[in-house]
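Working notes for the structure below.
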Amino acid sequence: MEMVNVPKWLHVPYKIAKTMMPDGFNDRFRLHDDNFLNALLKDINIEHIPQTLGGYNEVTQLSHSMQKIKTIPAQKLTNEKFWKPTDMELISALETFHISPRKVRQIHVDVTDANNSLLWYYSTDGDIYFGVFYQPFDEAISNNTITNNTRHEKEIDYDRLEMVYPWWKLAARIVHESGRIQCTKPGRYWFVFCNKLSWLQKRTVHLNVQLTDGSCTKRCHMDGTMSNAEITIQTDQTLHLSL
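Reminder that position 72 of the sequence shown reads as 72 in full-length UniProt numbering, one-by-one numbering, no gaps.
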């Protein structure tokens, strides 16, 4: 449901309320202020938007208080048109962890040689924030900060680190997420999964992270260990960094 011309002040209580709603609520209800047309055009053809909202769908005046608008029925996609994972071997090898409400999960990979690449693939059961951050080795050693399955130390302040992959809010529930960055400088790279937007709902993440130099690919486990990757993550999304 798309709600348009919503007063801007309503967005604040709505953001608070939707964090306590069930999974999928954000996908069913969306609020737009008076700049709604550009947002609608991302999903709706302008010929299907009523003229009263800036589209081309003609409105017929039936009476003083009644108008007729031609409604365009939604198209129901068949199962064949939905995205499906193709590499089931990779899916079966994902590691699983949970993020409690208002919490952050941080996983690091130490890159000792320049011109290596980090690859990742993950799915979630709801909205999270995700980003990758860089920390020089001298700062990492002095702070000695990490959070994973077997080592429990204080959280890093990722606001003070250099962002090397955009901090995005997304849900990798229907379509899984994958990415790749080329690391041109040695250091510690932090994968940050944030569930601070939710007050009640925990989030489940299934993850695979790999480090490759082009000839050898290592899998980076959440407990800090590495092993030979049995299968390499394939992705077309590459972010080249100049740190």
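Each residue gets a CB set at the ideal place from its N, CA and C atoms; glycine is no exception.
Chain-order list of residues whose beta-carbon lies under 8 Å from that of residue i (same chain, five-residue window excluded)
i: K202; result: H98, I99, S100, P101, N195
Residue i: first and last residue of the uninterrupted beta strand (DSSP E) it sits in
i: N116; result: 116-124
i: E89; result: Element bounds for E89: not the beta strand (DSSP E) but the alpha helix (DSSP H), 88-92.
i: L207; result: 203-212
i: N228; result: 226-228
i: R219; result: 217-220
i: E155; result: Looking at the DSSP string, E155 is not in any beta strand (DSSP E), and its letter there is neither H nor E.
i: L197; result: Careful: L197 lies outside any beta strand (DSSP E) and carries neither H nor E.
i: L170; result: 162-170
Beta-carbon contacts of residue i that lie in its chain and below 6 Å, excluding the five residues immediately before and after
i: D213; result: N116
i: L119; result: R180, Q210, I233
i: G55; result: I46, I49
i: V12; result: none
i: T96; result: H206
Cβ shell of residue i (< 7 Å), same chain only, five flanking positions each side left out
i: I91; result: P85
i: D157; result: none
i: V175; result: W83
i: L235; result: The question names Leu, but residue 235 in the sequence shown is Thr. The residues are L119, S178, G179, R180.
i: N163; result: Looking at the sequence shown, residue 163 is not Asn but Met. Answer for M163: G131, F133, listed in chain order.
Helix, strand or coil at residue i [DSSP, three-state]
i: V175; result: coil
i: Q75; result: coil
i: R102; result: coil
i: Y129; result: strand
i: I16; result: helix
i: T112; result: coil
i: T52; result: helix
i: I44; result: coil
i: W83; result: coil
i: E95; result: strand
Burial state of residue i (16 or more Cβ within 10 Å)
i: F82; result: exposed
i: C220; result: buried
i: V192; result: buried
i: D43; result: exposed
i: Q135; result: buried
i: A17; result: exposed
i: I128; result: buried
i: W9; result: exposed
Member of the options whose CA lies at the smallest distance from the CA of residue i
i: E139; options: G187, D127, G131; result: G187
i: A93; options: N208, M163, T112, W9; result: N208
i: Y122; options: N79, F36, S178, A17; result: S178
i: A171; options: D125, G131, R160; result: D125
i: I107; options: T225, L197, I231, Q75; result: T225
i: F137; options: Y129, D127, T112; result: T112
i: V104; options: T204, P166, E230, S215; result: T204
i: G131; options: D110, E162, W167; result: W167
i: K169; options: L197, L161, K8; result: L197
i: D110; options: N35, K218, A229, E230; result: K218
Opening and closing residue of the alpha helix (DSSP H) in which residue i lies
i: L40; result: 37-40
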